[in-house]
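Going left to right, the sequence shown walks through residues 9 to 145 as the working numbering numbers them.
Ideal Cβ placement from N, Cα and C applies to all residues, glycine included.
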Amino acid sequence: MKPGEIIVKKTEIEINKGTDDSETVITVKNIGDRPIQVGSHYHFFEANTGLKFDREKAYGKHLDIPAGAAVRFEPGDEKKVQLVEYNGRRRIYGFRGLVDGAIDEERVFRVENGHPNAGVKNDEGKQNANKESGDNR
């Protein structure tokens, strides 16, 4: 053993253990003219609008890849990615600011007319329902 040496067990690590059967596989296409990279913890629903995919299926989920990793989509690329539910308190803040609060509330989130640039709307058509409901960080 050398000073500062780290000895690790040589066993497999199960990523996103305990996520039950909440895995979702979706097809994603980069319809833009620039490469787009999405990190492991990013709320996939709020990913760059140059990516075309079923955003409703991606709501409350992130990529099922190791922490710190990312998936890169070159212009015109189409890939299947696996998503898993967020664990813990299930509150999402930041990213594109479309959610900013709890993701388990009984609100209706939809992408207006299927357009990827649309924001999150609640059933009254108000933008960003969590900010209006007084859900504080």
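Nearest to Val46 (by Cα), restricted to the options Asn95, Ala77, Ile14: Ala77
Looking at the unbroken alpha helix (DSSP H) that takes in Ala66, where does it start and where does it end? DSSP places Ala66 inside the alpha helix (DSSP H), whose first and last residues are 63-66.
Indicate the three-state DSSP secondary structure (helix, strand or coil) for Phe103 in the structure shown. Coil.
I need the straight-line Cα distance from Lys87 to Pro11, nearest angstrom please. 44 Å
Measure from the alpha carbon of Glu31 to the alpha carbon of each residue in Gly105, Gln90, Gly109, then state which is nearest. Gln90
Exposure label - Val33; buried when at least 16 CB within 10 Å: exposed
What ranges does the alpha helix (DSSP H) occupy inside the region 47-97, keeping only unbroken runs of at least 4 residues that lie completely in it? 63-66
Hey, could you find the ends of the beta strand (DSSP E) Val16 is sitting in? Per DSSP, Val16 belongs to no beta strand (DSSP E) and is neither H nor E.
Whole-angstrom distance between Arg80 and Arg104, CA atom to CA atom: 19 Å
What does Gly40 pair with, by DSSP beta-bridge criteria? Paired residue(s): none; Gly40 is not in a bridge.
Who are the Cβ neighbours of Ile73 in its own chain at under 6 Å, not counting the five residues just before and after it? Ser48
Could you round the C-beta distance between Glu22 and Leu106 to whole angstroms and report it? I think they count as a contact, below 8 Å. At roughly 30 Å, the Cβ-Cβ gap does not stay under 8 Å, so Glu22 and Leu106 are not in contact.
Which residues DSSP lists as bridging Gly12, in chain order: Looking at the DSSP assignment, Gly12 forms no beta bridge with any residue, so it has no partner.
For Ile34, which three-state DSSP category applies? strand
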